[in-house]
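What follows is a single structure, written as structure tokens, with notes after it.
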DNA sequence: CGAATTTTGTAACGCCCGGCACAGATATGG
DNA sequence: CCATATCTGTGCCGGGCGTTACAAAATTCG
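Protein chains in written order, with the working numbering: chain A, 1 to 211; chain B, 1 to 211.
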């Protein structure tokens, strides 16, 4: 263990609490005093640990990705890309409408700063979103190469379509749309999915993924 | 004409300039000093005319709706709902990616405050968005009644789907997605559209709608 | 013209923002 | 047990925020 007085709070817990504030109020709407109160620490502790507000926010984003990792893994582990699309959109529907925790409906990567006084914030968020798009795109490209999708499908557009619908659903959820309504939208969106060249995937029961 | 010294600026022009600031920086990210500079007036004039920052913002939103009115009229004037969906999504693609004016890509109704310290702002924006959804939904319901769509289609979900894709495309545009890429997403999204019970509508050349 | 009315520019208000200095507290290592 | 290192709580800082007081300027009405 490192010398000196030990830290008096759990970093992960503090980040989770900060996440809720950013999620609800956005980057600029979240004041340092709100954050410190929610995190249960004083500002010097916060600055010593995260540098400044933007540093804290970036740490929150990494924490967010970490908490969403299991979901994305579940999505890309689907047996075919049709099932992947289904898992993704219905999973996002569940996630976005989830109000069982402390976080508001929607998605941190949109809510916390689509636009902002400091340009680096929207940029950072866009990067995190693009990362997910690339995961989907990679799987779609592989499926196309394997012949699972016809050669005239464009993996980039397909991945972008999924992300677009996902982002749209998150916006809807933030405006009060229910999980049931979002699943109906997801079902509609999946009708645009190209048929697999092999057998068509059957609709299966969806597993709900937490946070 | 009313007595007293006449106003020294054009309200519509001032609102257009304020719109750009809100669009680019969001509601909280737009400072009063930035706004007054962009509008070319001093703060007392602003406060006398619009009350306060939120009053200005609401006036900007009304101005925005007014400027988008012709587009929505064009959309709902389509001969059938399939064409309406096409006009809507491709029109939004053009609009969201448009950078010819001073406004950034995307949509004011999303950019300016998905989340915010003051809750009334996201609520107000959601109301404005819901208004557009209702216009589409009304047309879809009418089409279903006329037998243009089969009875097992749900107009509410269909309208929500269009708005969802539209919102998603605006998010994408704000992150740098090009018009061409957005049109590809729109084409994909339209594949989910239910077939009309009558003849299928042909793909027609799309008219670009300005701002 | 003079009274009334409205907008204008200058200048400032109080408040809360993000951030930090400092000293006391609590650990490790010799 | 002292030197060193790190974290914690108190208190405060300059600055920019949204907002407004005030008086001069510019119009209409009688």
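All residues carry an ideal CB built from backbone N, CA and C; glycine is no exception.
Reduced DSSP secondary structure (H/G/I, E/B, other) of residue i
i             : result
residue 195/A : coil
residue 29/B  : helix
residue 179/B : helix
residue 201/A : The predicted position of residue 201/A is uncertain, since its pLDDT is 45 and thus under 50; no value can be drawn from it.
residue 20/B  : helix
residue 187/A : helix
residue 3/A   : coil
residue 10/A  : coil
residue 80/A  : coil
residue 55/A  : helix
residue 91/A  : helix
residue 15/B  : helix
residue 208/B : Bear in mind that the predicted position of residue 208/B carries a pLDDT of just 49, short of 50, making it too unreliable to give a figure here.
Selection from the options that minimises the alpha carbon distance to residue i
i             : options                      : result
residue 24/A  : 196/A, 111/A and 173/A       : 111/A
residue 17/A  : 70/A, 177/A, 96/A and 108/A  : 108/A
residue 75/B  : 176/B, 184/B and 138/B       : 138/B
residue 9/A   : 105/A, 116/A and 42/A        : 42/A
residue 114/A : 27/B, 100/B, 1/B and 156/B   : 27/B
residue 97/A  : 4/A, 178/A and 12/A          : 178/A
residue 154/B : 129/A, 167/A and 181/A       : 181/A
residue 151/A : 197/A, 6/A and 31/A          : 197/A
residue 106/B : 66/B, 20/B, 15/B and 7/B     : 20/B
residue 12/B  : 73/B, 50/B, 32/B and 79/B    : 50/B
residue 30/B  : 56/B, 48/B, 170/B and 45/B   : 56/B
residue 77/B  : 119/B, 62/B and 140/B        : 140/B
residue 169/B : 165/A, 2/A and 54/A          : 165/A
residue 99/B  : 175/B, 69/B and 189/B        : 175/B
residue 82/B  : 61/B, 117/B, 149/B and 64/B  : 149/B
residue 63/B  : 22/B, 80/B and 15/B          : 15/B
residue 44/B  : 116/B, 118/B, 1/B and 7/B    : 7/B
residue 118/A : 173/A, 53/A and 68/A         : 53/A
residue 103/A : 5/A, 34/A, 22/A and 189/A    : 22/A
residue 65/A  : 79/A, 171/A, 129/A and 189/A : 129/A
residue 173/A : 48/B, 167/B and 67/B         : 167/B
Counting pairs of Cβ atoms below 8 Å between the segment 140-148 of chain A and the segment 139-147 of chain B, do you hit three or more? By the criterion of at least three beta-carbon pairs nearer than 8 Å, the segment 140-148 of chain A is not in contact with the segment 139-147 of chain B.
Quick test of the definition: if touching needs 3 or more C-beta pairs under 8 Å, does the segment 152-167 of chain B touch the segment 129-136 of chain B? Flag = yes, the segment 152-167 of chain B and the segment 129-136 of chain B touch.
In chain order, which beta strand (DSSP E) runs of at least 3 residues are fully inside the segment 94-174 of chain B? Counting only runs of at least 3 residues, the segment 94-174 of chain B fully encloses no beta strand (DSSP E) element at all.
Against chain A: residues of the segment 12-36 of chain B by CB proximity under 8 Å: Along the segment 12-36 of chain B, going in chain order, the ones with a CB nearer than 8 Å to a CB of chain A are 23, 24, 25, 26, 28, 29, 30 and 31.
Using a Cβ distance threshold of 8 Å, determine whether the segment 116-131 of chain B contacts the segment 29-40 of chain B, with at least three qualifying pairs required. At 8 Å Cβ cutoff, the stretches do not touch.
Check whether the segment 85-93 of chain A and the segment 178-197 of chain A are in contact - that is, three or more C-beta pairs closer than 8 Å. Touching, yes, given that three or more Cβ pairs across the two stretches are closer than 8 Å.
Count the C-beta pairs between the segment 92-108 of chain B and the segment 180-190 of chain B that are closer than 8 Å, then say yes if the count reaches three, no if not. Three or more beta-carbon pairs drawn from the segment 92-108 of chain B and the segment 180-190 of chain B are found closer than 8 Å, and the two stretches are therefore classed as touching.
If contact means a Cβ-Cβ distance below 8 Å, which residues of the segment 161-184 of chain B contact chain A? Flagged, chain order: 161, 163, 164, 165, 166, 167, 168, 169, 171, 172, 174, 175, 176, 177, 181 and 184.
Chain B contacts made by the segment 131-154 of chain A, where a contact means CB separation under 8 Å: Listed by position along the chain: 154.
Output, in sequence order along the chain, the residues in the segment 42-70 of chain B whose CB is closer than 8 Å to any CB in chain A. Those would be none; no residue qualifies.
Beta carbons nearer than 9 Å to chain B: which residues of the segment 72-102 of chain A have them? Cβ contacts with chain B: none found.
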